[in-house]
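First residue of the sequence shown? That's 4 in the numbering used here, and the numbers climb one at a time after it.
We put the CB at the ideal spot given by N, CA and C, even for glycine.
Okay, structure first, notes after.
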Amino acid sequence: MPGERSSELPPRRSAAFAPGRVNLIGEHTDYNEGLALPFAIRQGVTVKAQALACKPARIFAQAGDLGESDEFPAADPPRVDGWRAFVRGVAAELQRTAVPLPSARLQIAGEVPRGAGLSSSAAMEVALCLALIGLCGPTPLHRTEIAQLCARVENDWVGAQTGLLDQLACLYGAPDTALRIDFRSLSVQPVPLGLGNWRLVVLDSGERHSHASSGYNERRRECGKACRLLGIHSLRDADRDAVASLPQPLRRRASHVVEENLRVEAAVSALAAQDLPALGALLDASHASLRDCYEVSTPAVEATAQRLHEAGAAGARLIGGGFGGSVLGLFAPNAAPPTDAREVRPGPGAHTLPA
Ligand code: GLA
């Protein structure tokens with residue numbers, strides 16, 4: 004309408020928050036078209052963005068907690084390592100998805116420890132994505148498409164062949180809610196996480212991991228090899244009989260995936276029945292399988308799980324990709340978690356903030 008032209012201009016500033024996540028159960032199932040039950044946590048990454056006038060578009064990024072910065076052309080950023088790969092990857096993938104970026108200054112502030120299995124990477128990607136999109140005005144990108152875009156950043160810019168678990172949990176999270184995600188259909192169903200006076204805590208093993216350099220990509224290759232031998236598209240189509248015909252270590256890997264999908268369904272039922280001891284037993288079974296079949300635990304992770312059990316946890320398991328990171332513990336009301344453990348509760352998913 005005449006006289007309202009200024010309201011059509013893209014905003015000069017925007018801001019977004021994206022949370023980390025805890026995966027209750029369903030580990031290493033996402034890239035096998037399986038099931039998982041994560042929730043978004045209250046800690047996350049905040050990105051503030053300000054549009055600048057210079058052309059062609061350049062991005063100036065500052066990572067507050069690291070005291071580091073980066074600067075690159077938005078259209079075709081050169082490749083780099085470390086946190087800069089996430090920023091450059093998000094900008095490049097947005098441009099490729101026909102979101103034309105203006106020049107921008109970005110301030111990134113995070114409260115999720117890196118490499119601790121709480122998905123600081125997805126929180127950073129998603130917050131960057133939402134803040135940059137916020138500078139461009141309305142876009143037709145759906146939340147699942149944003150998750151897929153961010154996963155491409157991990158795969159193609161960071162070199163970690165991760166699935167969609169972290170990004171979907173971050174984007175669809177809600178208070179007091181876990182998410183049953185089916186990675187074949189990409190359907191996300193809210194599951195009320197009613198714990199009563201029970202508590203979920205995470206205890207950091209102190210061992211940092213990087214999916215690009217750990218055994219994560221190798222596990223993914225092993226699953227692909229198991230599928231080729233079984234003549235199936237994904238391990239979602241495998242059953243116990245088929246898995247028993249595989250050579251080792253592929254039999255152990257595939258067996259973990261098949262059983263872990265079943266444990267996710269059992270955990271959803273346990274939550275519906277408010278049977279928290281049953282949930283604890285499932286966490287323990289998942290951990291044992293990740294250690295013995297998937298072989299992604301380490302001595303530091305085992306010591307951490309043991310500390311949680313010694314403090315009286317009803318169940319404990321490593322979360323995320325493994326090879327370090329954090330261990331989740333479930334505690335009944337009368338048990339006291341170790342004092343250095345952090346309670347985690349399901350919080351809201353990624354959202355924009357007043358700029
Ligand atoms: C990491 C990856 C996820 C998922 C988990 C294991 O967090 O980023 O995609 O594969 O490991 O469940």
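So, with DSSP's three-state summary, where would you put residue i?
i                : result
glutamine 98     : helix
alanine 303      : helix
proline 280      : helix
aspartate 68     : coil
threonine 342    : coil
glycine 29       : coil
phenylalanine 20 : strand
isoleucine 136   : helix
glutamate 225    : helix
arginine 211     : coil
aspartate 84     : coil
glutamate 268    : helix
phenylalanine 75 : strand
glycine 318      : strand
aspartate 244    : helix
threonine 142    : coil
arginine 108     : strand
threonine 147    : helix
serine 216       : coil
Output the distance between the C-alpha atoms of residue i and residue j, rounded to the nearest integer angstrom.
i             : j              : result
aspartate 242 : glycine 29     : 17 Å
glutamate 268 : leucine 27     : 12 Å
alanine 314   : leucine 286    : 16 Å
leucine 38    : glutamine 65   : 36 Å
tyrosine 175  : alanine 163    : 22 Å
alanine 291   : alanine 60     : 50 Å
arginine 223  : leucine 233    : 16 Å
serine 124    : glycine 118    : 8 Å
alanine 335   : asparagine 200 : 7 Å
serine 248    : alanine 229    : 10 Å
glycine 47    : serine 208     : 20 Å
cysteine 139  : arginine 15    : 9 Å
Any heavy atom of ligand 2 closer than 8 Å to the CB of residue i?
i           : result
glycine 140 : For the structure depicted, ligand 2 is absent and the ligand set comprises only ligand 1.
Should residue i be labelled buried (16 or more other beta-carbon atoms within 10 Å of its own) or exposed?
i             : result
serine 258    : buried
histidine 145 : exposed
arginine 294  : buried
glutamate 71  : exposed
glutamine 53  : buried
leucine 131   : buried
proline 178   : exposed
proline 22    : buried
proline 349   : buried
Between the options, which has its C-alpha nearest residue i's C-alpha?
i             : options                        : result
asparagine 35 : Gln277, Ala316, Ser272, Glu225 : Glu225
arginine 254  : Arg108, Gln277, Gly227         : Gly227
serine 17     : Ile136, Gln251, Ser190         : Ile136
valine 93     : Leu152, Arg211, Arg61          : Leu152
alanine 43    : Ala56, Pro80, Ala126, Ala150   : Ala126
alanine 325   : Thr49, Ser217, Gln251, Val115  : Correcting the residue identity first, residue 325 is glycine in this sequence and not alanine. Considering only alpha carbons, the answer is Ser217.
proline 13    : Gly85, Leu69, Ala134, Pro41    : Ala134
valine 50     : Val102, Leu104, Gln110, Thr32  : Gln110
aspartate 68  : Arg91, Ala112, Arg211          : Ala112
Exercise. Can you list every residue whose CB sits closer than 5 Å to some heavy atom of ligand 1, going in chain order?
Worked result: Glu30, His31, Asp33, Thr165, Gly166, Leu168, Asp169, Gly323, Gly324
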